[in-house]
Each structure stands twice: as structure tokens, then as C-alpha cells.
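Residues are numbered in the numbering used here as their position in the sequence shown, beginning at 1, plus a constant of 147. By construction, the Cβ of each residue, glycine as well, lies at the ideal position given by its N, Cα and C atoms. Quick caveat: nothing in here was measured; it's all calculated off a predicted structure.
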Amino acid sequence: MFIYLDNAATTKPCEAAVSAAVSAMTENFGNPSSLHRCGLDAQLGMDRARKIIADSLGANSENIFFTSGATESNNLAIRGASAAYGKKRRKIVASSVEHASVDETLSSLENQGFEVIRISPRADGRFYSEDFLSACDEQTVLLTMMYVNNETGYILPVKETFSAVKRNFPDIITHSDCVQAYMKLKFKSSALNADLISVSGHKVHGPKGIGVLYIKKGVRILPILTGGKQEKGIRSGTENVPMICAFGAAVELLQSTITERFAAVSELRSLLMSELSEIDGVTANSPEDGSPYIANISAAGKRSEIMLHYLESRGVYVSSGSACSKGQQSGVLGEFGIKGKSADSALRISMTAETTKEEIRYFAAALKDGIEKLRG
Ligand code: PMP
148 MFIYLDNAAT
158 TKPCEAAVSA
168 AVSAMTENFG
178 NPSSLHRCGL
188 DAQLGMDRAR
198 KIIADSLGAN
208 SENIFFTSGA
218 TESNNLAIRG
228 ASAAYGKKRR
238 KIVASSVEHA
248 SVDETLSSLE
258 NQGFEVIRIS
268 PRADGRFYSE
278 DFLSACDEQT
288 VLLTMMYVNN
298 ETGYILPVKE
308 TFSAVKRNFP
318 DIITHSDCVQ
328 AYMKLKFKSS
338 ALNADLISVS
348 GHKVHGPKGI
358 GVLYIKKGVR
368 ILPILTGGKQ
378 EKGIRSGTEN
388 VPMICAFGAA
398 VELLQSTITE
408 RFAAVSELRS
418 LLMSELSEID
428 GVTANSPEDG
438 SPYIANISAA
448 GKRSEIMLHY
458 LESRGVYVSS
468 GSACSKGQQS
478 GVLGEFGIKG
488 KSADSALRIS
498 MTAETTKEEI
508 RYFAAALKDG
518 IEKLRG
């Protein structure tokens, strides 16, 4: 039995991605900076992927910058924009539920003298655009807000917030970590009103170690790395052509099926919640109107890690809170009001359109057995 329900941590690369990577490592292995034919071919492969990813964000190829993943995209966006625009404006506004690659970057800027205001959800567990707007002022350089929270699937009001803020403070740079929304929710960079968008390959059936930072035309970013000035000097270092081509191939496959996959996963999620509602003590931590791809639940006070390994012994792979936090107690769940025993027993189940109803039923049955068998 092998039931993989940890797709928010990483997804299995699709065949198209694997073969694009293999071909760029075996046949088309040139350095895109080389002036000869091999370089040009590598460049063309990369251009093709760049165009696919640009189209998927409603952007132009010139707005797409390849990085080593969303961690780097987030660092580049936040550090790069703060360095470019933050000489006089020293305030940054963010949500309190950002991924560590955003939150820790903000902490590091705090140490450099920036003031960071982290907006929490209200008592109802929801974010309100007014709260972000009222924290912004003429001193604010950057507003960063993830689109879909990776632990609960909660969808933040990015569109409303960014447009309200841009209307009142057009100079504030807006950045969204769209890792868990990309290829799952339909969105375009312009509709989001985002100047900067981070996405990652391995969450969308592409490979690990490749990401993109979308930079709106006219927005300035100072690079973190100095070197050979690849990616127009924004990200020096020989481009990871195999992973770039693979990322492009994965996006090409997924982008025409966002609506269908959303519907299929919504159905799986409904089945999951209805199966779980039959089990004593299981509670839902994710909002009903969140991303259907992620369901966070608390399993009757049984410690997450113990339950996770029990489920593993039954062939089911889930995550405790966020896989990125490597078992550390998540502060993000607390922000959403999930605390104490509920947080200690939180599990994250994350699906893809390939997940089957049988797999969901099997998981629910295994969880029920675990709750009966395991001590608290
Ligand atoms: N942001 C979010 C919301 C994520 O879920 C992740 C992956 N856990 C990242 C950023 C980091 O992405 P990467 O693994 O590509 O560095």
C-alpha cells in the first residue's frame, strides 16, 4: 500500500517533467550563455519554459526570473525590494501566517532596522484587508501576503488587500508567495495587483530546486547574488536548464486543467470531510472555503507525530502541520486559533487530482483504527 497525501510538501514529478529534464541533461546540455550552437539550443529550451510560465501568470517572458526555488524567490523579492526602495521607507507589513522563507527573512530585516508589522487573523480566524490597509502608511516599503496558507489551505484576501493598498499607497511594493495557489487557483499577476510573485516547481509536479520570481515591469529589485549577470543580473549563476525545462513541461500540462482539477479535488475533500465526521473526536481546522487541496484536522488528541508514523505503517503518508517545520510546533496554527491539544494532534492531508476516493476511504479507516489503538 502506498497512499501519498502529502502533496503540499512536494508532488511527484510528472512524466513530461522527467523527460524534459533528461533530454536537457543528455542531448541539450549546453550552457545557455555559450555563443555557439549548443548554448543557443539550451537558451531556446529555457525560453520555451519561460514563455509557458509567463503565460500561466498572465505575464511576459521578460517578467520571469528563475531561482533555486520559492525560498530563494521569497528572499530575493523581500530583500531585493527592501534594498531597492527601503533607504527612507523602513516599514514592512506582512501576514502573521507566512511560510518561514518569508517570515525568517522579515526577522532578518528587522535586525537590520526595518520595522515589521505582522497582521494576525481576527477572532473568527479570518484576515481582513482593512487591517492590512490601516497598518500601511507613507513609511511602508513593502506588503507581503501569501495567497494560500500551506498549513491550513486558508485563502488570504490578497486581491482585495493589494488593490486597496495600491489605491491608497501606489508606491508600496506588493509581494505574494503563491506557492500553494499556483496551478490550483486561477489567477493572473495583474488581477492580484502583485508587483512580485513567488512560485515553486516541486509543488506542481515539477522538480525540486527550481522556482520563479515574477517581477512586474518597472519594479526594481537589487540582486542578492553577484556574478555572471544571468537572468538580467537579477540572479547570477548558470541557469538550471534541466529543471527549468521540466518546470515548464509540468506547467504546460497543468494550466489547461485548473478548473477541472479544482472540481475533482473539491469532491475528494467533501468525501474526506464526510468520512472524518463519522469518527469521534476528529475536528476540522481548515475553513470550508479554503483551498480544497489542503485539509488540516486534529485527530482526537493523539500526538501528530505518533499518528503520522502509525499511518505510515499502514502505507499512508501525511504531514504533521507543515513539513517545512520538521516537527517543530507550528506558530501558524496558533495564529489561526488552533492551540494546545488541537495543535499537538494536527495532521495535514494534501491531495492532487490523481488522489482517488478509495485512497481517501482507506486513509479515514486507518485514522479511525489509529485513534482506537494509540494512546494520547
Ligand atoms: N512558500 C510556501 C507557502 C511553501 O509551502 C513552500 C514549500 N514548503 C515554500 C514557500 C518554499 O518553497 P521551496 O521548497 O521551493 O523553497
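Per-residue DSSP class, three states only, for residue i
{"i": "H456", "result": "helix"}
{"i": "A164", "result": "helix"}
{"i": "T349", "result": "Note that residue 349 corresponds to His in the displayed sequence, not to Thr. Three-state DSSP puts H349 in a helix."}
{"i": "R236", "result": "coil"}
{"i": "D324", "result": "strand"}
{"i": "G358", "result": "strand"}
{"i": "T299", "result": "coil"}
{"i": "T404", "result": "helix"}
{"i": "A446", "result": "strand"}
{"i": "V430", "result": "The residue you asked about is not Val; residue 430 is Thr in the sequence shown. It is a strand residue."}
{"i": "I371", "result": "coil"}
{"i": "I485", "result": "coil"}
{"i": "C471", "result": "Model confidence at C471 stands at a pLDDT of 46, short of 50, so the residue's coordinates are unreliable and nothing is read from them."}
{"i": "D250", "result": "helix"}
{"i": "R273", "result": "coil"}
{"i": "Y509", "result": "helix"}
{"i": "G205", "result": "coil"}
{"i": "C283", "result": "coil"}
{"i": "G192", "result": "helix"}
{"i": "L521", "result": "coil"}
{"i": "S438", "result": "coil"}
{"i": "S181", "result": "coil"}
{"i": "I381", "result": "coil"}
{"i": "E422", "result": "helix"}
{"i": "L514", "result": "helix"}
{"i": "T157", "result": "coil"}
{"i": "F334", "result": "coil"}
{"i": "A396", "result": "helix"}
{"i": "A230", "result": "helix"}
{"i": "E307", "result": "helix"}
{"i": "M498", "result": "coil"}
Strand pairing of residue i, partner residues [DSSP]
{"i": "S464", "result": "It is worth fixing the name first, because residue 464 is Tyr in this sequence and not Ser. In the DSSP output, where bridge partners are listed per residue, Y464 has Y151."}
{"i": "R141", "result": "This structure cannot settle anything about residue 141, because the visible part of the chain is limited to 148 through 523."}
{"i": "T214", "result": "G358"}
{"i": "L256", "result": "According to DSSP, which records beta bridges pairwise, L256 is partnered with nothing at all."}
{"i": "L290", "result": "V240 and T321"}
{"i": "A493", "result": "S445"}
{"i": "L343", "result": "H322 and I362"}
Proximity test, residue i beta-carbon vs ligand 1 heavy atom, cut-off 8 Å
{"i": "N221", "result": "yes"}
{"i": "S347", "result": "yes"}
{"i": "H322", "result": "no"}
{"i": "K350", "result": "yes"}
{"i": "T406", "result": "no"}
{"i": "K355", "result": "yes"}
{"i": "N297", "result": "yes"}
{"i": "S467", "result": "no"}
{"i": "A512", "result": "no"}
{"i": "S248", "result": "yes"}
{"i": "G300", "result": "no"}
{"i": "T218", "result": "yes"}
{"i": "M293", "result": "yes"}
{"i": "G428", "result": "no"}
{"i": "A155", "result": "yes"}
{"i": "V398", "result": "no"}
{"i": "G358", "result": "yes"}
{"i": "A326", "result": "Just to set this straight, residue 326 is Val in the shown sequence, not Ala. Result yes, Cβ under 8 Å from ligand 1."}
6 Å Cβ shell around residue i - same chain, five flanking residues per side excluded
{"i": "V244", "result": "N296, V479 and E482"}
{"i": "V398", "result": "I199, I200 and S203"}
{"i": "L290", "result": "V240, V312, I319 and T321"}
{"i": "G300", "result": "S433, G437, S438 and I441"}
{"i": "S489", "result": "S445"}
{"i": "G227", "result": "I368 and L369"}
{"i": "A206", "result": "S336 and Y361"}
{"i": "I264", "result": "V240 and A282"}
Beta-carbon contacts of residue i that lie in its chain and below 7 Å, excluding the five residues immediately before and after
{"i": "E506", "result": "I150"}
{"i": "A470", "result": "The predicted position of A470 is uncertain, since its pLDDT is 45 and thus under 50; no value can be drawn from it."}
{"i": "G260", "result": "R237"}
{"i": "A339", "result": "The sequence as given places Leu at residue 339; Ala does not occur at that position. Once the five neighbours on either side are set aside, the close Cβ partners of L339 are V305, K306, F309 and S323."}
{"i": "P268", "result": "F274, E482 and F483"}
{"i": "M172", "result": "P389"}
{"i": "E519", "result": "none"}
Cβ-based neighbour list, residue i, same chain, cut-off 8 Å, excluding 5 preceding and 5 following
{"i": "V249", "result": "N221, I225, A241, T291, M293 and D324"}
{"i": "G356", "result": "S215, G216, G348, H349, N387 and M390"}
{"i": "H183", "result": "G177"}
{"i": "I426", "result": "A447, A511, L514, K515 and I518"}
Can you find at least 3 beta carbon pairs, one from the stretch 383 to 400 and one from the stretch 187 to 202, that sit closer than 8 Å?
yes
Do the stretch 280 to 295 and the stretch 323 to 331 meet, that is, are 3 or more Cβ pairs less than 8 Å apart?
yes
Is the number of C-beta pairs between the stretch 408 to 422 and the stretch 362 to 379 that are closer than 8 Å three or more?
no
Is it the case that the stretch 176 to 190 contacts the stretch 352 to 368, given that we only count it when at least three CB pairs across the two stretches are under 8 Å?
no
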